[in-house]
């Protein structure tokens, strides 16, 4: 590096330093406070009885009756939504990539649910689609002489999975459709001229081309799906029992229903550790995929 470039580089670092320090403080201060309260007995009903309890909050949280259920529900929710969005996202994207009248309108309609607020979409599904008396699904069941399903009582976790998958499927479609635009059409046309079937083209050309977009969709969705809350709060409230209680909702119940800030802070740190474990696993798994692609 030349002598003229060194002052310029130093000036750039000094200019960026305030923003970096502010961002660091913005991230580290809440984390430090969470660490502090996770070692304290602090209940909002008894604010004057704060005391240091060490790891008791973690012991309490780990032995809480709904803890294991919330972990299983969280993983089931994330895994199921990922499978639905990736599989159907790829298939729908391949279908709408072909030229047909109204293609632009169809693409816009497919992507539009992603911009609806989670609370609004949950209310629409709860009251207009899955209502066992006046919902659209109930009307369809009655049309065929079947008994309507009380979705949030009989299939609560499946109902949440369907709602969340409907919200995130447009994101996958957007990524995949955009990626298909850069696919080598000459290679595809050459394969068709050689007699390749649509299934063979999909298997040997389309899927390898979508390897990186699929990896991106899995990584991004996993991060956000670990924090699903609004859909559960709006529809089932974590029930029946704890059938739809995931880790974020369990932390919410500790903090705002039982007013136990200490246990909620311990749960928040558990959620951070779980998110980091998932992120490390995905980065290693998907990193290899991106390197080999």
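In this note's numbering, the protein residues as written are 14 to 306. Don't be surprised by glycine CBs; every beta carbon is placed ideally from N, CA and C.
Distance CB(residue i)-CB(residue j) smaller than 8 Å
i, j, result
"residue 255", "residue 93", "no"
"residue 234", "residue 98", "yes"
"residue 188", "residue 226", "yes"
"residue 166", "residue 253", "yes"
"residue 183", "residue 126", "yes"
"residue 109", "residue 45", "no"
"residue 139", "residue 248", "yes"
"residue 263", "residue 80", "yes"
"residue 284", "residue 261", "yes"
Span separating the alpha-carbon of residue i from that of residue j
i, j, result
"residue 14", "residue 30", "Confidence at residue 14 is low in this model, with a pLDDT of 49, below 50, so the placement of that residue is unreliable and no value is reported for it."
"residue 6", "residue 28", "Because the chain spans 14 through 306 in this model, residue 6 falls outside it and cannot be assessed."
"residue 210", "residue 198", "15 Å"
"residue 33", "residue 41", "12 Å"
"residue 155", "residue 245", "27 Å"
"residue 164", "residue 280", "29 Å"
"residue 267", "residue 278", "9 Å"
"residue 105", "residue 180", "15 Å"
"residue 158", "residue 168", "20 Å"
"residue 57", "residue 146", "41 Å"
"residue 26", "residue 289", "29 Å"
"residue 153", "residue 67", "56 Å"
"residue 202", "residue 115", "23 Å"
"residue 160", "residue 148", "13 Å"
"residue 200", "residue 215", "12 Å"
"residue 251", "residue 63", "29 Å"
"residue 208", "residue 111", "19 Å"
"residue 75", "residue 43", "22 Å"
"residue 120", "residue 144", "29 Å"
"residue 236", "residue 206", "42 Å"
"residue 269", "residue 24", "47 Å"
"residue 150", "residue 122", "21 Å"
"residue 228", "residue 243", "26 Å"
"residue 282", "residue 85", "18 Å"
"residue 272", "residue 65", "17 Å"
"residue 293", "residue 96", "20 Å"
Contact belief for residue i with residue j at Cβ below 8 Å, rounded distance in angstroms
i, j, result
"residue 204", "residue 223", "About 16 Å; that fails the 8 Å criterion."
"residue 259", "residue 241", "6 Å"
"residue 90", "residue 193", "About 28 Å separates the two Cβ atoms, so there is no contact after all."
"residue 55", "residue 291", "Contact flag wrong, Cβ pair sits at about 29 Å."
"residue 232", "residue 295", "5 Å"
"residue 257", "residue 170", "5 Å"
Strand pairing of residue i, partner residues [DSSP]
i, result
"residue 64", "54"
"residue 273", "56"
Residue i at chain D interface by Cβ criterion, 8 Å
i, result
"residue 42", "As a matter of chain content, chain D is missing from the structure shown, which is built from one protein chain."
Any non-hydrogen atom of the ligand MG closer than 7 Å to residue i Cβ
i, result
"residue 181", "No copy of the ligand MG appears in this structure; indeed no ligand is present at all."
Should the segment 163-183 be regarded as contacting the segment 126-135, the criterion being three or more beta carbon pairs within less than 8 Å?
yes
Using a Cβ distance threshold of 8 Å, determine whether the segment 63-74 contacts the segment 43-52, with at least three qualifying pairs required.
yes
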